[in-house]
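Working notes, beginning with the structure itself.
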Amino acid sequence: MGSLGVEAPPAASAAAKTVPDPEKPEEEEEEVSPIEQVRLTVLNDDDPTMPVWTFRMWFLGLISCALLSFLNQFFAYRTEPLVISQITVLVATLPIGRFMAAVLPTTKFRLGGREVSLNPGPFNMKEHVLISIFANAGSAFGSGSAYAVGIINIIKAFYGRSISFAAGWLLIITTQVLGYGWAGLLRKYVVEPAHMWWPSTLVQVSLFRFDISTPSFFSLISLVAENPTCYALVIYLVMPIAYWGFNLYSANKFPIFSSHLFTSQGQVYNIKKIVNDKFELDMPAYEQEGRIHLSMFFALTYGFGFATIASTLTHVALFYGREIYERYKASHNGKEDIHTRLMKKYKDIPSWWFHLLLLITLLVSLALCIFMKDQIQMPWWGLIFSSILAFVFTLPISVITATTNQTPGLNIITEYIMGLIYPGRPIANVCFKTYGYMSMAQAVSFLNDFKLGHYMKIPPRSMFLVQFIGTILAGTINIAVAWWLLTSINNICQDQLLPPDSPWTCPGDRVFFDASVIWGLVGPKRIFGSAGNYSAMNWFFLGGALGPVILWLLHRAFPKQTWIQLINLPVLLGAIGMMPPATPLNYNAWVIVGTIFNFFVFRYRKRWWQRYNYILSAALDAGVAFMGVLLYFSLGLENKSVDWWGTAGEHCDLAACPTAKGIAVEGCPAF
């Protein structure tokens, strides 16, 4: 069933109501949150005596973090990647925690001047929250593994160059930890104010408040079923018309669906030929090899990506701009709500913790850029520039996320900027993107977790330390697993050199590598500019920006037609945002499974659905992960494989072959 997702309560998508009740006295109004959704979801009390730093929390939390970071990194290289989320751990650890509370000895003993016990009482909600935070760090806050691991992968597996383990570890840790600095500087502005309510955290609060073992728990959540309409239109209408009908960009010279880069004659582009000894673009070799070409679908995904970015900004500005402004203003002028006052009982995190961590991280990153520049290419000024971008964007992006539950993605913007000002250096580009965009994204994730801790009354220092320790542990395991696989599996990620049934094709890293070539090595001017083939794709920026304007004008012209404001263009345009590396097989499987369980089973066997749906999903996630690792150690190390029709390719030559006459590609039929 893939990794679980949960969608916000229906009210989370609408503007939260903050109008005070005139029938309530002012004293009572001050004892509740000004946000209606928060009042309905979050409890207004707390038990400060509830134990948090327990053996159970550390044992289950560290194991969950280590296990998820290992499994997610291991499966990131597979043809069908698997991301195991914190939801699986949330479901699994509740019965384990209760079992430990029932069997562990309650004997107390002294440790470091304190009286401690392996079993201080019943397994409680705060322990469960911190375990889930550990697990969230293990899944790289929903990404699966640390983003910077992709840099090590493309250097070693795709470019065939070297990077030291120390440089790789420092790159991963600094890019993961830098976000804590931005989060610490902004916590007072986007976590403590009541009007910064972070809608997605209310779903998690609901999960923890209700007993997972009872049907009422499952009635609160539903599997995210992406609207398949836009996906189906792009895959089964737009793409065939562009490919077969108009043959845009000589599309039939290339496969209809591929994430490879091609020459003008339909052959896979040998990128190593255009990289010189300095790991930079060799212009004479590039001019000899010719321009880079994309498959029709790969080109369309970039176009829709441009449109999604532009539409997100205009959609948020038009439909949520006033609300964001009013909430941000109210967050500074309003009184403390009940939750902020309850959190005053706990020691706050000293500001110098964040300042020192930010300073150390920046200094280590600068040292990495200066003394190991030959390995990561990025100059010191690139780090400063990317850090400034991250700091400038973190506050507005956090405010947007905290009030609208939408997070604009700025990764293409950082790639575009660095590609324009420092072209020809692929690793410098991806490092700039990682320090700029990903540190901002990490900061937003950390702030989201801080708000969850705020609602669940988790001591701030406990929350911070669990996040930090989990991040360091997960990042270290990520690079250890990556290094092991990169050095032990021959031709890993090289699908043209691997056996046909090999699972080690690295689809996600293939796309990351392509991005490093497009934005870094060759540069956007030679792909999407006048010197490239795809300059028309820039019109998608304009189309994406104007789309929400049209919807907003229609909404203003026909205010009684409430369905108009429910059209979320960024969501529709982003329906194929995970493709590639995701394939139609993945999307169709999600649609089929979602339809079976969330329509037919939910409609005709609701009691079964309530009791077993999410337990089954978590079990399938865990079962697939266990079997994948077991098959690798039992068969893969012996160079054996399981041969059946499902591992024997696409069973359709047109899926991976060109259709133009005169284009000869090895293994493909000639037309």
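Quick note: to get this note's numbering, add 16 to the position in the sequence shown (first position is 1). In this text, a Cβ means the ideal position worked out from N, Cα and C, and glycines have one as well.
For L310, does the three-state DSSP call read helix, strand or coil?
By 1-based counting over the sequence shown, the position of residue 310 is 294. Note: L310 maps to strand in three-state DSSP.
For G113, which residues in the same chain have their Cβ closer than 7 Å to its Cβ, ignoring the five residues on either side in sequence?
Taking the sequence shown and counting its residues from 1, the one referred to as residue 113 is at position 97. Closer than 7 Å at the Cβ level, and outside the excluded window around G113, lie R72, L76, F139, E143 and H144.
Closest to Q483 by CA distance: which of S461, N655 and I51 is it?
Here the question's residue 483 lines up with position 467 in the sequence shown. That would be S461, whose Cα lies nearest to the Cα of Q483.
How big is the Cα-Cα spacing for A680 and S455?
By one-based count along the sequence shown, residue 680 stands at place 664. By one-based count along the sequence shown, residue 455 stands at place 439. Rounded to whole angstroms, A680 and S455 show a C-alpha spacing of 45 Å.
Per DSSP, which residues does K622 bridge with? Please list them.
In the sequence shown, the residue the question calls residue 622 occupies position 606. The partner list for K622 (beta bridge, DSSP) is empty, contrary to what the question assumes.
In terms of residue numbering, what span does the alpha helix (DSSP H) encompassing L253 cover?
Mapped onto the sequence shown, residue 253 falls at position 237. From DSSP, L253 is part of no alpha helix (DSSP H); its letter is neither H nor E.
Alpha carbon to alpha carbon, how far is F353 from G166?
To locate residue 353, count along the sequence shown from 1; it is residue 337. To locate residue 166, count along the sequence shown from 1; it is residue 150. In the sequence as displayed, the identity of residue 353 is Asp instead of Phe. So the two alpha carbons sit approximately 42 Å from each other.
Name the one or two DSSP bridge partners that V132 has.
Within the sequence shown, numbered from 1, the residue matching residue 132 stands at position 116. V132 pairs with F125.
What's the gap between the Cα of L382 and the Cα of Y438?
The residue given as residue 382 occupies position 366 in the sequence shown. The residue given as residue 438 occupies position 422 in the sequence shown. When rounded, the separation of the alpha-carbon atoms in L382 and Y438 is 18 Å.
Is L502 closer than 8 Å to N169 when the C-beta atoms are compared?
Position 153 of the sequence shown, counting from 1, holds the residue named residue 169. Position 486 of the sequence shown, counting from 1, holds the residue named residue 502. Cβ atoms of N169 and L502: closer than 8 Å.
What number of angstroms, rounded off, separates the C-alpha of T109 from the C-alpha of W214?
Taking the first residue of the sequence shown as 1, we reach residue 109 at position 93. Taking the first residue of the sequence shown as 1, we reach residue 214 at position 198. Taking the straight line from one Cα to the other gives about 25 Å.
Looking at A151: is its Cβ nearer than 8 Å to the Cβ of L84?
The residue you call residue 151 lines up with position 135 of the sequence shown. The residue you call residue 84 lines up with position 68 of the sequence shown. In contact: A151 and L84 (Cβ atoms closer than 8 Å).
To the nearest angstrom, report how far apart T356 and H211 are at their CA atoms.
Taking the sequence shown and counting its residues from 1, the one referred to as residue 356 is at position 340. Taking the sequence shown and counting its residues from 1, the one referred to as residue 211 is at position 195. Going from the Cα of T356 to the Cα of H211 covers about 11 Å.
Kindly indicate which residue of V408, F401 and T420 has the alpha-carbon position closest to the one of M434.
Numbered from its first residue, the sequence shown carries residue 434 at position 418. Of the candidates V408, F401 and T420, the one whose C-alpha sits nearest the C-alpha of M434 is F401.
If you reduce the DSSP assignment to three classes, tell me which class L651 lands in.
As a working mapping, residue 651 is identified with position 635 in the sequence shown. Residue state, collapsed to three classes: coil.
Alpha carbon to alpha carbon, how far is L20 from V99?
Counting from 1 along the sequence shown, the entry for residue 20 is found at position 4. Counting from 1 along the sequence shown, the entry for residue 99 is found at position 83. With a pLDDT of 32 at L20, under the threshold of 50, the modelled position of that residue is not reliable, and no figure is offered here.
Would you kindly report the start and end of the unbroken alpha helix (DSSP H) that includes N604?
Your numbering for residue 604 matches position 588 in the sequence shown. P600 to T611 is the span of the alpha helix (DSSP H), which, as asked, contains N604.
Return the CA-CA distance between I257 and G306, expressed in angstroms with no decimal places.
On the sequence shown, position 241 is the one that residue 257 refers to. On the sequence shown, position 290 is the one that residue 306 refers to. If I take the Cα positions, the gap works out to 27 Å.
Is L426 helix, strand or coil by DSSP?
The count along the sequence shown starts at 1 and reaches residue 426 at position 410. In the structure shown, L426 sits in coil (DSSP, three-state: anything other than H, G, I, E or B).
Buried or exposed: C673, going by 16 or more other Cβ atoms within 10 Å of its Cβ?
Numbered from its first residue, the sequence shown carries residue 673 at position 657. Flag for C673 reads buried.
Given this structure, state the Cα-to-Cα distance separating I228 from A635, to the nearest angstrom.
The sequence position of residue 228 within the sequence shown is 212, counting from 1. The sequence position of residue 635 within the sequence shown is 619, counting from 1. At I228 the pLDDT is 49, less than 50, meaning the model places this residue with poor confidence and gives no usable figure here.
Using 10 angstroms around the beta-carbon of K576, count the other beta-carbons present and answer buried if the total reaches 16, otherwise exposed.
Taking the first residue of the sequence shown as position 1, residue 576 is located at position 560. The residue in question, K576, is exposed, as its Cβ has fewer than 16 Cβ neighbours within 10 Å.
Hey, out of G440, A686 and S414, whose CA is closest to K467's CA?
In the sequence shown, counting from the first residue as 1, residue 467 sits at position 451. Looking at the Cα atoms, S414 is the closest of the given residues.
What does the Cβ neighbour count give for K172, buried or exposed, with the cut at 16 atoms within 10 Å?
Here residue 172 is taken as the residue at index 156 of the sequence shown, counted from 1. Buried.
Nearest to I103 by CA position, among F642, D637, G545 and G644, is which residue?
Position 87 of the sequence shown holds residue 103. Of the listed residues, the one whose Cα sits closest to I103 is D637.
With DSSP run on the structure shown, which of helix, strand or coil describes L78?
By one-based count along the sequence shown, residue 78 stands at place 62. In this structure, L78 counts as helix in the three-state DSSP scheme.
Taking C-alpha atoms, which residue in G548, I147 and F157 lies nearest to G195?
For this step, residue 195 is matched to residue 179 along the sequence shown. Considering only alpha carbons, the answer is F157.
Does DSSP put F642 in a helix, a strand or coil?
Within the sequence shown, numbered from 1, the residue matching residue 642 stands at position 626. DSSP places F642 in helix when its eight states are reduced to three.
Quick one: using the 10 Å Cβ neighbour count with 16 as the cut-off for buried, is V527 buried or exposed?
Your numbering for residue 527 matches position 511 in the sequence shown. It is buried - the Cβ of V527 has at least 16 other Cβ atoms within 10 Å.
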